[in-house]
Amino acid sequence: MRQPVWKRISLFGVLLLLLPSVWAQKSVFTLTQPTLMHEVRATPYPSDGVPAPVNPPRLLWPDTFPHLGPVLDGEEESGHKPAVTYRLRLSQDPEFVRDVITAERAWAFFNPFRLLENGTWYWQHAYVDPQGKEEWSPRYSFTISDETPVFNPPSWAEVRNRVPTHHPRILLDRDDWEEIIRRNADNPEARGYIEKAEKGLRQPLLHLSQEIDTTQVVLLTNQVQYKAALIRESRKIVDREEARIEALVRAWLLTRRPEYYRHAMKRLTEVLSWRDSKYFAGDFNLSTLLSMSTSAYDAFHDILTPEERDLLLGTLKDLGGLFFHEYVNHLENRIADNHVWQMTYRILAMSAFATLGELPEAEVWADYCYNLWVARFPGLNKDGAWHNGDSYFQVNYRTLIEVPAFYSRVSGFHFFDDPWYKRNIHYVIYHQPPFSKSAGHGNSHETRKTPTGARVGYADALARECNDPWAAAYVRYILQRDPQILNSAFEAKPADLTWYRCTTRKQLPEATRTLNELPGGKVFPWTGVATLHTHLGDPQRNAMLSFRSSPYGSTSHALSNQNAFNTFYGGQEIFYSSGHRTGFTDNHSMYSYRNTRAHNTLLADGKVQKIGTEGYGWIPRHYEGETISYLVGDASNAYGEVTSPLWLHRARLSGTQFTPENGWDKNKVSRFRRHVVRLGNTGLFVIYDELEGLSPVRWGYQLHTTLHPMEVDQQPDRICVTGRNNRNGVSVAHIFSPVAMHTEQTDTFFSPPDNWKNVTDNTGRTVRYPNHWHFTATTQPVQSSHFLTIIDTHGTDREDAVIRRENNRIYVEDWLIECDLTTGTPGFRVSNEPKKTDLEYDPEKNEGRTCITESSNGEVQYVELEDVFPELVI
1490 MRQPVWKRIS
1500 LFGVLLLLLP
1510 SVWAQKSVFT
1520 LTQPTLMHEV
1530 RATPYPSDGV
1540 PAPVNPPRLL
1550 WPDTFPHLGP
1560 VLDGEEESGH
1570 KPAVTYRLRL
1580 SQDPEFVRDV
1590 ITAERAWAFF
1600 NPFRLLENGT
1610 WYWQHAYVDP
1620 QGKEEWSPRY
1630 SFTISDETPV
1640 FNPPSWAEVR
1650 NRVPTHHPRI
1660 LLDRDDWEEI
1670 IRRNADNPEA
1680 RGYIEKAEKG
1690 LRQPLLHLSQ
1700 EIDTTQVVLL
1710 TNQVQYKAAL
1720 IRESRKIVDR
1730 EEARIEALVR
1740 AWLLTRRPEY
1750 YRHAMKRLTE
1760 VLSWRDSKYF
1770 AGDFNLSTLL
1780 SMSTSAYDAF
1790 HDILTPEERD
1800 LLLGTLKDLG
1810 GLFFHEYVNH
1820 LENRIADNHV
1830 WQMTYRILAM
1840 SAFATLGELP
1850 EAEVWADYCY
1860 NLWVARFPGL
1870 NKDGAWHNGD
1880 SYFQVNYRTL
1890 IEVPAFYSRV
1900 SGFHFFDDPW
1910 YKRNIHYVIY
1920 HQPPFSKSAG
1930 HGNSHETRKT
1940 PTGARVGYAD
1950 ALARECNDPW
1960 AAAYVRYILQ
1970 RDPQILNSAF
1980 EAKPADLTWY
1990 RCTTRKQLPE
2000 ATRTLNELPG
2010 GKVFPWTGVA
2020 TLHTHLGDPQ
2030 RNAMLSFRSS
2040 PYGSTSHALS
2050 NQNAFNTFYG
2060 GQEIFYSSGH
2070 RTGFTDNHSM
2080 YSYRNTRAHN
2090 TLLADGKVQK
2100 IGTEGYGWIP
2110 RHYEGETISY
2120 LVGDASNAYG
2130 EVTSPLWLHR
2140 ARLSGTQFTP
2150 ENGWDKNKVS
2160 RFRRHVVRLG
2170 NTGLFVIYDE
2180 LEGLSPVRWG
2190 YQLHTTLHPM
2200 EVDQQPDRIC
2210 VTGRNNRNGV
2220 SVAHIFSPVA
2230 MHTEQTDTFF
2240 SPPDNWKNVT
2250 DNTGRTVRYP
2260 NHWHFTATTQ
2270 PVQSSHFLTI
2280 IDTHGTDRED
2290 AVIRRENNRI
2300 YVEDWLIECD
2310 LTTGTPGFRV
2320 SNEPKKTDLE
2330 YDPEKNEGRT
2340 CITESSNGEV
2350 QYVELEDVFP
2360 ELVI
């Protein structure tokens, strides 16, 4: 897979239309705007004057009454959000006189649900005030052509007419019921529900106040931590009961044994009463009540007593209305409302479809939920990756599979044909290969030590729905070596897809390909993440480098790690992000985990990157080849004082001090571009950093390890830092600089971790968080400079590569790296004469393009790369 030669003039023109504050010097885009993304939408989509991303396009605009929503995990912003009315008009006539499509909506988006003819289209939206006065937006335009991708699901009206009037219709369709019972009679996975239900019949049930453990909670004086700990403890009990009740519901659907129905309703009636308890807290707990009530109402519908029906319908009406009014005119315009994307959207959608025809409000809820999916899901952008990282990607699995599977069943349209899913398959594989730690780069990244049964189950569902050979190869490789891995995900709240496998007719495809046939590098430029591999399909000897430079910045569950990399060998980390996810905004999290000082990137005079969308990076250019792979990250805009209103508000609540003493100060960085090159399957990676300050800066080059201390060898012409893991993996970083450097390694955190949540391990013991190791090489003050790093990652199959320097030439195996390490003139070149491969970046040549020559299958290909701006949705 290779990129075409980019067309500089046309791309520059598009970029100017997208972002008027961008200017181009040669082929390099220098961004000047304070943020690329907004927490809440501030611009229309599609952007004015650009090609539509899909036909028909989804039209979204800023809400008239924007609000932040959750400012902390589960902590809602207070404030009244009025209902609104919008009108929209769409036409190829700029005066909106002829052939005008019109609509009136109670939310800030519109799906045309019809293919649009080629040409220029114009559109406007209007806010209609309570007196009926229209306030029209400026006129926007987009273009449709033969090259515009087509993805046109049926309209809500068409789907509404197809929704069954019978029950069950959510967990399964009544017309398929008998066949599902027959097919699962001897299915071990279905038997798991029955065994869980049998245990549930024998489990006593006490009131929440009798079961919750608040002994540690009451010791907390910080109110943010107190509420978070209370939510955590109550969720343990509520989630446990959800697992039991949902197992009883599914066991009833598989057997129709009346004792499962009777006991499920007995337990559910008690759990619903917990809502009045002072210990019941958090949006996840409320959504759990809604989810259990939906399952019970739909599954037991025809045998419920009048009292039970009234209880469930009352709960569905109350909680469904609560969530709908919180989401409408907010969720569609939020960069990422985590809890909602993860599961509460799915729960509301299923509740709405379960009560269509029986609750008048459900007509509006289902209309909103269906249209919202078409407008913004499945991904929050289109490249298939997940900006919050692998750990928080996992909590979206059920939503990403169950919702489109349900919509496909009721509509007859295959929602998995959305191109996002094919791209997401590559994200699943590249960012966590079989039996390997994930690439990292998001909250709780350190916990993703190997693909879980949930991730394998998700890949299994993608393989079935997309008939994809790569997903099938991933799943079958893991299942051959761990046949029981899917069982480990059973009843994992947001991620278990056992029920999907019990009810789908689609089979896992045979593995006709192997993962080693995939290219060694994959870049997701709109999300701003990438991974480079040597042996993707052979995890025991795979050398991997992951990288992040993201337009999303460090908001939500993302971290302040623009232009940061991690290295791995044999599936285990070596140079890796440090710190522990002890909380969302506690001191360790903010100063030693989310913080730039915790990652393998640079400090400027000891100062760190901004928290919020304002601390952004991006990937301007990349190339995915066979002999060589390449990418560039730009973190020039990431550093400085925190200005995000959302994160300043969070700081006031949690006590975070965004001060110079803690690392945040006036920005001194005007350019920080990091070039990364994979040299074939050698385990050798070249990293070249372009650095420019607004004034002389002490540049701090950081490396971290979490398993063993680093070995530091300061040689006359370089600094060598060696990290090791527990799988005989080694990463040796040879750091070259034209500027003298001072080195330091410490094994303590800036802010030590505190287990204030009383987190325990699998044995019930309180978790103790170990120290990690932190290396920094700091230059003397200099305004412009560069670092050249050669990273040699390998196992016991070979010795460390011999790296020989002759002035500005560095030889390693059959590769030559050229870089001015004396005067500091910018630019570098990587070449391999036997392989007929060459990559050159020189700001003064070829208008700053990166020029790549690569030989493949006897043919020599030449590519010139320029900056390409990512397609952004918010």
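For the sequence shown, my numbering assigns the number 1490 to the initial residue and increments by one for each residue that follows. Beta carbons: idealized from backbone N, C-alpha and C, even for Gly. Here the structure is a predicted model, which means the values were calculated and not measured.
Neighbourhood of residue i by C-beta distance below 8 Å, restricted to the same chain and skipping five residues each side
{"i": "Pro1983", "result": "Gln1831, Met1832, Gln1883, Val1884, Asn1885, Tyr1886, Arg1887, Thr1888"}
{"i": "His2069", "result": "Glu1935, His2077, Tyr2082, Pro2242, Tyr2258"}
{"i": "Lys2157", "result": "Ala2093, Asp2094, Lys2096, Tyr2128, Gly2182, Leu2183, Ser2184, Val2186"}
{"i": "Thr2312", "result": "Pro2227"}
{"i": "Lys1995", "result": "Arg1953, Glu1954"}
{"i": "Val1589", "result": "Arg1578, Leu1579, Ser1580, Asp1582"}
For residue i, the three-state DSSP class (helix, strand or coil)
{"i": "Thr1869", "result": "Here the sequence assigns Leu to residue 1869, which means Thr is not the residue at that position. Residue state, collapsed to three classes: coil."}
{"i": "Pro1540", "result": "strand"}
{"i": "Ala2445", "result": "Absent from the structure is residue 2445, since the part of the chain shown begins at 1490 and ends at 2363."}
{"i": "Thr2339", "result": "strand"}
{"i": "Pro2323", "result": "coil"}
{"i": "Pro1998", "result": "coil"}
{"i": "Glu2360", "result": "coil"}
{"i": "Pro1908", "result": "helix"}
{"i": "Ile2063", "result": "coil"}
{"i": "Ile1726", "result": "helix"}
Residue i classed as buried or exposed, judged by whether at least 16 other C-beta atoms fall within 10 angstroms
{"i": "Trp1625", "result": "exposed"}
{"i": "Ile1659", "result": "buried"}
{"i": "Tyr2351", "result": "exposed"}
{"i": "Gln1514", "result": "Because the pLDDT at Gln1514 is just 49, under 50, the model does not fix this residue reliably, and the value given afterwards should be weighed accordingly. It counts as exposed."}
{"i": "Ala1595", "result": "exposed"}
{"i": "Asp1675", "result": "exposed"}
{"i": "Lys1496", "result": "Its pLDDT being 28, under 50, Lys1496 is placed unreliably by the model, and the measurement read from it follows with that caveat. Exposed, by the Cβ-count rule."}
{"i": "Val2349", "result": "exposed"}
{"i": "Ala1572", "result": "exposed"}
{"i": "His2223", "result": "buried"}
{"i": "Asp1872", "result": "buried"}
{"i": "Tyr1768", "result": "buried"}
{"i": "Thr1794", "result": "exposed"}
{"i": "Pro1533", "result": "buried"}
{"i": "Arg2141", "result": "exposed"}
{"i": "Val1639", "result": "exposed"}
{"i": "Thr2255", "result": "exposed"}
{"i": "Thr1804", "result": "buried"}
{"i": "Gly2366", "result": "This structure gives no information on residue 2366, because the portion of the chain shown stretches from 1490 to 2363."}
Residues near residue i in its chain [Cβ-Cβ closer than 6 Å; skip 5 each side]
{"i": "Phe1602", "result": "Ser1644"}
{"i": "Ala1841", "result": "Ala1851, Trp1854, Ala1855, Cys1858"}
{"i": "Arg2294", "result": "Asp2206"}
Under 7 Å between C-beta atoms of residue i and residue j
{"i": "Gly2042", "j": "Gly2104", "result": "yes"}
{"i": "Asn1641", "j": "Pro1545", "result": "yes"}
{"i": "Ser2067", "j": "His1930", "result": "no"}
{"i": "Gln2051", "j": "Ser2035", "result": "no"}
{"i": "Pro1923", "j": "Ile1967", "result": "yes"}
{"i": "Ala1736", "j": "Ala1686", "result": "yes"}
{"i": "Glu1647", "j": "Leu2135", "result": "no"}
{"i": "Thr1609", "j": "Thr1632", "result": "yes"}
{"i": "His2024", "j": "Gly2172", "result": "no"}
{"i": "Met1526", "j": "Ile2363", "result": "yes"}
{"i": "Gly2316", "j": "Asp2303", "result": "no"}
{"i": "Thr2016", "j": "Ala1874", "result": "yes"}
Own chain, CB closer than 7 Å to residue i, minus 5 neighbours either side, in chain order
{"i": "Lys1743", "result": "This sequence places Leu at residue 1743; Lys is not what is there. Answer for Leu1743: Ile1670, Asn1673, Ala1679, Tyr1682, Ile1683, listed in chain order."}
{"i": "Ser2367", "result": "Any answer about residue 2367 is impossible in this case: the structure gives the chain only from 1490 up to 2363."}
{"i": "Ile1792", "result": "Tyr1750"}
{"i": "Phe1599", "result": "Leu1548, Leu1577, Ala1592"}
Opening and closing residue of the alpha helix (DSSP H) in which residue i lies
{"i": "Trp1666", "result": "1666-1672"}
{"i": "Ser1784", "result": "1772-1788"}
Run of the beta strand (DSSP E) containing residue i, from where it starts to where it stops
{"i": "Met1526", "result": "Neither: Met1526 is in no beta strand (DSSP E) and is coded neither H nor E."}
{"i": "Asn2055", "result": "2053-2058"}
{"i": "Phe1812", "result": "Here Phe1812 belongs to no beta strand (DSSP E); instead the alpha helix (DSSP H) covers 1795-1816."}
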